[in-house]
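Quick notes on the structure that follows.
Numbering (full-length UniProt numbering), first residue to last: 1 to 545.
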């Protein structure tokens with residue numbers, strides 16, 4: 001890596017296109033301009049990759065940096081893309097500001113997918129080029145230790161590659177010890193602690209680590225404690241157990257169904273060992289190989305919700321899942337429900353819902369999943385007058401996450417209906433999920449019977465009024481409230497209508513059923529007089545067909 005102190009300070013040259021630009025052929029320049037125009041209107045992953053490749057070839061530094069930044073904001077980037085970006089930046093390190101920028105890139109790079117190579121290069125870069133770390137100032141030492149611990153948390157349990165991160169941490173602490181100064185005994189304990197921690201982890205290089213530790217303790221005039229030997233033997237046995245699984249998921253294998261099955265088997269093994277951190281690492285390795293397999297992300301997030309139960313971790317993985325599988329509504333909905341359960345404020349829920357609706361989901365059911373999850377969260381936060389929950393608490397999450405006003409809940413239902421109409425103008429929800437849910441909320445959350453009745457009246461005026469299910473749902477609401485006269489009136493309005501898909505005789509049959517169970521003999525007789533001609537006509541039409 002270049003030495004920042006030996007580089008010319010420059011005057012902002014790192015922020016402009018280099019004087020060493022490669023002159024493009026007319027065809028290449030035309031292609032570059034064409035792709036830029038296409039990306040302005042419709043960002044596309046493959047086009048962004050092609051664009052970055054052209055800019056790298058031309059050494060257009062400033063535009064290349066902007067392209068990388070835009071790529072990172074729009075799409076998850078794999079290990080090679082991140083390292084290409086870092087290497088391109090390393091060619092123009094002129095100041096501490098450049099070093100800070102590259103550290104920021106490394107930090108971003110650790111967020112998309114698990115990569116021991118990125119973490120290793122990150123540690124190496126900071127150790128070599130960060131002025132405070134190189135100078136071994138207290139702040140620099142603390143920074144390096146914090147970064148090493150973050151690397152171990154993320155990838156230190158990687159059975160075949162995690163050892164190099166432990167080694168880098170150990171080498172840093174050994175360097176501090178060998179530099180002398182005060183507190184040598186305390187520093188020796190830090191080195192010893194890292195050795196002993198590493199030896200408790202099932203890693204491929206456990207033999208080499210034990211040999212290095214024995215040699216180091218011998219230099220200190222000590223031997224390896226028996227409990228450490230025992231822990232190391234146990235870790236070695238654990239690695240032997242995992243070795244066949246590691247061989248089945250080795251890096252040289254293609255990302256096919258067999259590799260996915262091998263990862264799922266490995267995950268089951270780790271789940272049986274009941275160590276959530278190890279399960280998480282294998283899941284991370286799996287989604288790195290299969291980043292657009294939505295079912296894998298769904299399994300991973302559910303595992304974290306059920307077992308780890310750490311809001312920041314769960315929400316971060318959901319964010320990555322929806323970033324990779326942005327078209328999958330069930331993942332967006334699950335992410336919303338996790339935010340809801342962990343008490344996120346309404347603004348965060350609204351932002352997540354908005355991101356989902358603009359992500360490019362593929363089906364109306366995707367949109368419905370997201371909208372219902374958002375409405376559920378708002379209902380949980382809407383104050384419910386004199387309606388305690390099962391455990392005696394009122395209005396669920398309303399106090400914890402900020403109460404939602406009744407007008408806001410009603411507006412959200414209106415926006416949900418408008419969204420479906422905008423994206424799917426010909427869609428009719430025969431399951432009546434939005435109107436039935438809104439009517440339920442008006443009745444049982446907001447305690448407004450008139451508003452619930454208006455929901456159904458408005459629904460009847462929409463395209464859904466052509467189907468008998470809508471009329472039946474309205475009548476059943478009134479019946480459930482014991483408003484039998486109003487329920488009967490709904491049937492009286494419905495029975496003579498030419499409802500679609502044979503709905504007219506069906507609603508007639510439902511009216512008779514209602515009168516048998518709720519009405520008097522005279523009510524049933526009156527209903528029969530009304531519906532018999534309709535049902536006879538329908539029977540005759542069916543016989544003639």
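Backbone N, C-alpha and C fix where the C-beta goes; we use that ideal spot for every residue, glycine too.
Every value quoted in this text rests on a predicted model; they were computed, and no experiment measured them.
- DSSP, read as helix, strand or coil, puts residue 279 in helix.
- In this structure, 235 is the residue among 464, 363, 235 with its C-alpha nearest to the C-alpha of residue 205.
- Residue pairing by DSSP puts residue 382 in a beta bridge opposite 404.
- In the DSSP assignment, residue 531 falls within the unbroken alpha helix (DSSP H) covering 521 to 544.
- By the 16-neighbour rule on beta-carbons within 10 angstroms, residue 182 is exposed.
- Rounded to whole angstroms, the gap between the alpha carbons of residue 484 and residue 511 is 12 Å.
- In this structure the segment 357 to 365 touches the segment 312 to 330; the number of beta carbon pairs closer than 8 Å is three or more.
- Its chain contains 114, 158, 249, 263 as the residues whose beta carbon lies nearer than 8 Å to that of residue 285, once the 5 sequence neighbours on both sides are disregarded; these appear in chain order.
- The beta carbon of residue 127 sits closer than 8 Å to the beta carbons of 133, 134, 144, 168, 172 from its chain, once the five residues preceding and following it are set aside; these are given in chain order.
- A Cβ-Cβ distance of about 13 Å is found for the pair residue 490 and residue 508, leaving them out of contact under the 8 Å criterion.
- Using a 10 angstroms sphere on the CB of residue 89, the tally of other CB atoms reaches 16 or more, which defines it as buried.
- Within the same chain, Cβ atoms closer than 8 Å to the Cβ of residue 432 are found at 459, 464, 469, 470, 473, the five residues on either side in sequence being excluded.
- The DSSP-derived three-state label of residue 446 is coil.
- Annotation: the continuous alpha helix (DSSP H) that includes residue 73 extends over 61 to 74.
- In its chain, beyond the 5 residues on either side, 278, 279, 282 have a beta carbon closer than 6 Å to the beta carbon of residue 270.
- Per DSSP, the unbroken alpha helix (DSSP H) holding residue 145 starts and ends at 138 to 155.
- Setting aside the 5 residues that flank it on each side, residue 530 is surrounded in the same chain by 495, each with a C-beta closer than 7 Å to its C-beta; the list follows chain order.
- Looking at the backbone, the Cα of residue 275 and that of residue 265 are separated by about 15 Å.
- About 7 Å separates the beta carbons of residue 318 and residue 334, which is inside the 8 Å limit, making them a contact pair.
- Shown here, residue 220 sits in coil according to DSSP, grouped into three states, outside any helix or strand.
- Around residue 141, the same chain offers 133, 176 as residues with beta carbons nearer than 8 Å, after the five sequence neighbours per side are excluded.
- Beta-carbon to beta-carbon, residue 129 and residue 99 are separated by about 5 Å, close enough to satisfy the 8 Å threshold.
- Here the segment 239 to 259 does not lie against the segment 221 to 229, with fewer than 3 beta-carbon pairs under 8 Å apart.
- Going by DSSP, residue 121 is part of the alpha helix (DSSP H) stretching over 116 to 129.
- Scanning the segment 437 to 482 from its first residue to its last, the whole alpha helix (DSSP H) runs of 4-plus residues come out as 449 to 461, 468 to 480.
- Shown here for residue 32: same chain residues with a beta carbon closer than 8 Å to its own, the five before and five after excluded, namely 24, 51, 54, 55, 58 in chain order.
- Rounded to the nearest whole angstrom, the CA to CA distance from residue 475 to residue 295 is 40 Å.
- When the five nearest sequence neighbours on each side are left out, no beta carbon in the same chain lies closer than 8 Å to the beta carbon of residue 312.
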